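Working notes for the structure below.
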Amino acid sequence: MTFQSYGFLFLFLPLTVLLWWQLNRKGWGKGAQVWLLGVSLFFYGWHRLTCLWVLLGSILFNFLLGKALARTGQKRWLILGLVGNLGILGYFKYANFFLENLNLLFPTSFGTLQLLLPLGLSFFTFQQIAFLLDAAHGEKTDYTLLEYACFVSFFPCVASGPMAFHHEVIPQLRSASGRTLTRGELTQGLWLFSQGLWKKVIVAEAFDAGADWGFASVGQLNSTTAVLVALSYTFQLYFDFSGYTDMARGLGRMLGLNLPDNFDTPYQALTIGQFWKGWHRTMTRFFTRYVYIPLGGSRRGTAVTCRNIMIIFLLSGLWHGADWSFVLWGGLHGAAMVADRLLGKRVERLHPALSWALTFGFVTFCWVFFRAESISQGMDLCRAVGVCSFGGIDPGFTSAFLLPLPAWLTRFLSLDPQRAALGMTLVFFAFAFLFCFQERGGKEKETRVSLGGWTGVLCGLLLFWSVISLTGVTQFLYSEF
1 MTFQSYGFLF LFLPLTVLLW WQLNRKGWGK GAQVWLLGVS LFFYGWHRLT CLWVLLGSIL
61 FNFLLGKALA RTGQKRWLIL GLVGNLGILG YFKYANFFLE NLNLLFPTSF GTLQLLLPLG
121 LSFFTFQQIA FLLDAAHGEK TDYTLLEYAC FVSFFPCVAS GPMAFHHEVI PQLRSASGRT
181 LTRGELTQGL WLFSQGLWKK VIVAEAFDAG ADWGFASVGQ LNSTTAVLVA LSYTFQLYFD
241 FSGYTDMARG LGRMLGLNLP DNFDTPYQAL TIGQFWKGWH RTMTRFFTRY VYIPLGGSRR
301 GTAVTCRNIM IIFLLSGLWH GADWSFVLWG GLHGAAMVAD RLLGKRVERL HPALSWALTF
361 GFVTFCWVFF RAESISQGMD LCRAVGVCSF GGIDPGFTSA FLLPLPAWLT RFLSLDPQRA
421 ALGMTLVFFA FAFLFCFQER GGKEKETRVS LGGWTGVLCG LLLFWSVISL TGVTQFLYSE
481 F
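In my numbering, the protein residues as written are 1 to 481.
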């Protein structure tokens, strides 16, 4: 089951919200939590029932270790937790990657393991590592197993984040008992959810089709089309992932919870440092708090700081996937962050337009390797841009988009179908640029909204447009990580 499915929208979601608030309104907080845990496990198991035991085992394992840490303060329980969590993550996500590279380096012939990657494994593993580390540092973790299980399996976040911390979610679950859903929570939740659904179903899916076609046709692209293919994935990833975050946060608001935002206008950044303050913010804060600072952060001189930055970004690349292309992506961003730190104020002296162009161009270049099936495929696309064979846009690329002008409108306006598709594609790219520059981020997203007047009409239109376009919509990109 996914957010962008009829079953979720018209059955799962209304039943979940209605019964959650009915139970809480009567003061049956524990009953409401049992209900939330049940629907969350149902949501997770719907994707792949055989992997449900991994989630349940992980919850029980970490809860018991957290209790032992809080009771005794002995570091051996933390070590056991880290080894166990990273071992499970390594087995399911990196075992085949390790064996493949072992076969390349040594005269071995280990076969590929037939493993299924549990949904959201990286997300809920890192959330629980944070829980154990906080418990080891004496932070308050006096939760019941039911509360902890609700937090880890919480269906809006379990697949692709945002990566919330236990102290952000569990107190809110407790405080829901005895109260009802407010009008502000409902309207803000619907508004966020409708924006996110529209981003995914309408915008991201259109760019997805163009990116898929382009990466499958790398050998035949001229420079113009290659640039548009790279931009397609740049926009697809943003609208897909930020769309998921908006939906998850909207669902949280409908259930009375404030979840952390993952994005703050990253494509408006003038430096690579600003980009990482706005992109996947919950992952960034995890690595900063639990890896970068314990390594010494920026307190031990420039050389150690640069080393720590590179470690963080190489780990970030590997976190995203078991492939050298992800490691390269992380290394490139790490090198850019090091350069940004070393150059300091000299970067700030550049004209803002030039700073933005350099930053956005670098981010787009790095996304090529993030999307490519291999480093060599990514290099092929970069070479297609580098040969400067600029010319017309390949008709195959324009026809691949999922938002061509309707046939009846093309005939009515007496437009050539190919020219209409080209015009629609260029308009779509222009719209994506404008949207990324106009969208509010950070605290501005938290302002109170009202669904009266034009805002309500727009919310309804976004939902209607998205619902009638659900057929054939793909899975969220970050659910693969």
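In this text, a Cβ means the ideal position worked out from N, Cα and C, and glycines have one as well. Since this is a predicted model, take the numbers as computed values, not measurements.
Note to self: For Leu332 and Ser316, what's the separation of their Cα atoms in angstroms?
What the structure shows: 11 Å
Item checked: Presumed contact (8 Å Cβ cut-off) between Ala176 and Gly256, rounded CB distance -> 5 Å
Check: What is the C-beta distance between Leu259 and Pro162, in whole angstroms, given that I count them as a contact (C-beta under 8 Å)?
Finding: 6 Å
Note to self: For a minimum of 4 consecutive residues, which ranges assigned as the alpha helix (DSSP H) are wholly contained in the region 73–151?
What the structure shows: 75–89, 95–105, 121–136
Checklist line | Of the residues Val304, Val39, Glu205, the one placed nearest Leu477, counting alpha carbons only | finding: In terms of Cα proximity to Leu477, the closest of Val304, Val39, Glu205 is Glu205.
Notebook entry, point to check: Beta-carbon of Gly73 versus every beta-carbon of chain C: anything under 8 Å?
Noted result: Considering every chain present, this structure includes no chain C. It has just one protein chain.
Next item on the list: Report the residue from Ala372, Arg349, Tyr292 whose alpha carbon sits nearest the alpha carbon of Gly334.
Entry: Per the Cα distances, Tyr292.
Check: Which whole-angstrom value is the C-beta distance of Val229 and Gly219, which I expect to be below 8 Å?
Finding: Between Gly219 and Val229 the Cβ distance is about 12 Å, and since that is not below 8 Å, they are no contact.
Next item on the list: For Val203, count neighbouring C-beta atoms within 10 Å of its own C-beta (all shown protein chains included) and say buried if the count is 16 or more, exposed if not.
Entry: buried
Notebook entry, point to check: Looking only at its own chain, which residues have a Cβ that is under 8 Å from the Cβ of His166, when we skip the five neighbours before and after it?
Noted result: Residues Gln127, Ala130, Phe131, Asp134, Thr141, Tyr143, Tyr148, Phe151 of the same chain have their beta carbon placed closer than 8 Å to that of His166, with the five preceding and five following residues left out of the count.
Check: Leaving out the 5 sequence neighbours to the left and right, which residues in its chain are closer than 8 Å to Glu185 when beta-carbon positions are compared?
Finding: The residues are Arg253, Met254, Gly256.
Checklist line | Spatially closest choice to Phe97 from Val327, Asp380, Ala430, by CA coordinates | finding: Val327
Note to self: Please return the same chain residues whose Cβ sits closer than 6 Å to the Cβ of Gly81, not counting the five positions on each side in sequence.
What the structure shows: Leu65, Leu132
Notebook entry, point to check: Secondary structure at Gly472, three-state DSSP: helix, strand or coil?
Noted result: coil
Notebook entry, point to check: The alpha helix (DSSP H) with Met310 in it runs from where to where?
Noted result: 302–320
Notebook entry, point to check: Excluding sequence positions up to five away, which residues of its chain have a Cβ less than 7 Å from the Cβ of Leu231?
Noted result: The residues are Thr364, Phe429.
Next item on the list: Return helix, strand or coil for Trp53, following the three-state DSSP convention.
Entry: helix
Check: Just checking my contact of Ala226 with Val385 at CB under 8 Å: how many whole Å lie between their CB atoms?
Finding: 5 Å
Check: Under three-state DSSP, which class holds Thr16?
Finding: helix
Item checked: Beta-carbon proximity of Leu223 to Cys388, cut-off 8 Å -> According to the sequence displayed, residue 223 carries Ser and not Leu. Against a cut-off of 8 Å, the Cβ pair of Cys388 and Ser223 comes out as a contact.
Next item on the list: Would you mind working out which of Leu197, Phe42, Gly189, Met379 sits nearest Ser325, comparing C-alpha positions?
Entry: Taking only the C-alpha atoms, the option nearest Ser325 is Met379.
Note to self: Restricting to Cα atoms, I'd like to know which of Val201, Lys30, Glu439, Leu78 is closest to Gly472.
What the structure shows: Val201
Check: Rounded C-beta distance between Gln475 and Thr2? I'm assuming under 8 Å.
Finding: 7 Å
Note to self: Considering just the uninterrupted stretch of the alpha helix (DSSP H) at Asp264, what are its terminal residues?
What the structure shows: Segment: none, Asp264 is in no alpha helix (DSSP H) and carries neither H nor E.
Checklist line | Same chain, Cβ closer than 6 Å to Asp212, neighbours up to 5 away in sequence not counted | finding: So no residue of the chain qualifies.
Notebook entry, point to check: Taking Cβ to Cβ, would you say Ser153 is nearer than 8 Å to Leu318?
Noted result: no
Check: The alpha helix (DSSP H) spanning Ser160 covers which residue range?
Finding: Careful: Ser160 lies outside any alpha helix (DSSP H) and carries neither H nor E.
Checklist line | Buried versus exposed, by CB contacts within 10 Å (16 or more), Tyr44 | finding: buried
Check: Assuming Ser466 and Trp198 make a contact with CB atoms under 8 Å, what is their CB distance in whole Å?
Finding: 5 Å
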